[in-house]
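J.:
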Amino acid sequence: MEPKETSSERLFEGVKQFKEQNFSSIKELFQDLEREQNPHTLFIGCSDSRVVPNLITHTLPGELFIIRNVANLVPYYCPDSENYLAAASAIEYAVNVLEVENIIVCGHSNCGGCRAIYYSDEKLKDLPNVKKWMELAAPVKAQVREKILKARSAACKRDEFTAQLNVVEQMKHLLTFPYIKERYDAGKLNILGWYYVIETGEVYNYSTRTEEFEKI
Ligand SMILES: [Zn+2]
Numbered sequence: 642m643e644p645k646e647t648s649s650e651r652l653f654e655g656v657k658q659f660k661e662q663n664f665s666s667i668k669e670l671f672q673d674l675e676r677e678q679n680p681h682t683l684f685i686g687c688s689d690s691r692v693v694p695n696l697i698t699h700t701l702p703g704e705l706f707i708i709r710n711v712a713n714l715v716p717y718y719c720p721d722s723e724n725y726l727a728a729a730s731a732i733e734y735a736v737n738v739l740e741v742e743n744i745i746v747c748g749h750s751n752c753g754g755c756r757a758i759y760y761s762d763e764k765l766k767d768l769p770n771v772k773k774w775m776e777l778a779a780p781v782k783a784q785v786r787e788k789i790l791k792a793r794s795a796a797c798k799r800d801e802f803t804a805q806l807n808v809v810e811q812m813k814h815l816l817t818f819p820y821i822k823e824r825y826d827a828g829k830l831n832i833l834g835w836y837y838v839i840e841t842g843e844v845y846n847y848s849t850r851t852e853e854f855e856k857i
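Residue numbers (this note's numbering): 642 to 857.
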């Protein structure tokens, strides 16, 4: 029996295979991208290993500028805050320097980060950073409760509603950035909210008209 490949061996082998197979097939693209990038979209997705932005949008290197964090959160605008700098600086760069045309906030099914907003303090005791970070999704909890009551949906829809309403909440946070609001109002920037279903590969787009997620 062959010895089982360890995960680190798998990564090193993967690098070699990338160079030999994938890279050579898009070598010219990488040469064009050598000096600068000109992505059309800022994609804000979850760190979850199952959400792969280029794969689900069928895009190439150079097209998406990507922020990934726990539960695809967006901080509120605060020019001199020392919090949330990683997310805020990437947003600033994407919009003001790269002048992206679209911002996508993409949530997904079975999001562990979203579920954490329901955890007790006891359960969050070893996750102080997650606890603090997830404060950005705090308003979602009450919205979910209301939606379950209003739609008379079973409570089992809680996780799905949480991930979806979290996307809508984070879209609102984007509009607290004055330079985003300005471009959005001028029609120079689209803000999209997506919900990706892991087990089916389907993506739902949030309609601001119907306030529902509609299958793309
Ligand atoms: Zn997630």
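The C-beta atom is built at its ideal place from N, Cα and C for all residues, glycine as well.
1) Skipping 5 residues on each side, what residues in its chain have a beta carbon closer than 6 Å to that of Gly703?
2) I need the residues with a C-beta less than 5 Å from some heavy atom of ligand 1; please give them in chain order.
3) Taking 8 Å as the threshold (C-beta atoms), are Val808 and Trp774 in contact?
4) Report buried or exposed for Val736, applying the criterion of at least 16 other Cβ atoms within 10 angstroms of its Cβ.
5) Answer yes or no: do Thr682 and Glu742 have a C-beta to C-beta separation smaller than 8 Å?
6) Would you mind stating whether His749 and Val693 have Cβ atoms separated by less than 8 Å?
7) Can you tell me whether DSSP reads Glu852 as helix, strand or coil?
8) Considering Thr682, what are the terminal residues of the beta strand (DSSP E) in which it resides?
9) Rounded to the nearest angstrom, how far is the Cβ of Ile857 from that of Val838, given a contact under 8 Å?
10) Which of the three DSSP states, helix, strand or coil, is assigned to Asn743?
11) What are the complete alpha helix (DSSP H) segments, minimum 4 residues, inside the segment 706-776?
12) Please list the terminal residues of the continuous beta strand (DSSP E) segment that includes Val838.
13) For Gln662, count the other beta carbons within 10 Å of its own beta carbon; 16 or more makes it buried, fewer makes it exposed. Which is it?
14) Assuming Val781 and Arg799 are in contact, meaning their beta carbons sit under 8 Å apart, how far apart are those beta carbons, in whole angstroms?
15) Any idea what DSSP makes of Glu843, helix, strand or coil?
16) Near Gly754, which residues of its chain fall below 6 Å by C-beta distance, leaving aside the five closest residues on each side in sequence?
17) If we call anything under 8 Å between Cβ atoms a contact, is Leu815 one with Ile744?
T.: With the structure as the only source:
1) Leu674, Gln678
2) Cys687, Asp689, Cys752, Gly754
3) no
4) buried
5) yes
6) no
7) coil
8) 682-687
9) At roughly 11 Å, the Cβ-Cβ gap does not stay under 8 Å, so Ile857 and Val838 are not in contact.
10) strand
11) 726-733, 753-756, 769-774
12) 831-838
13) exposed
14) The pair is not a contact, with the Cβ atoms about 11 Å apart (cut-off 8 Å).
15) strand
16) Val711, Ala712
17) yes
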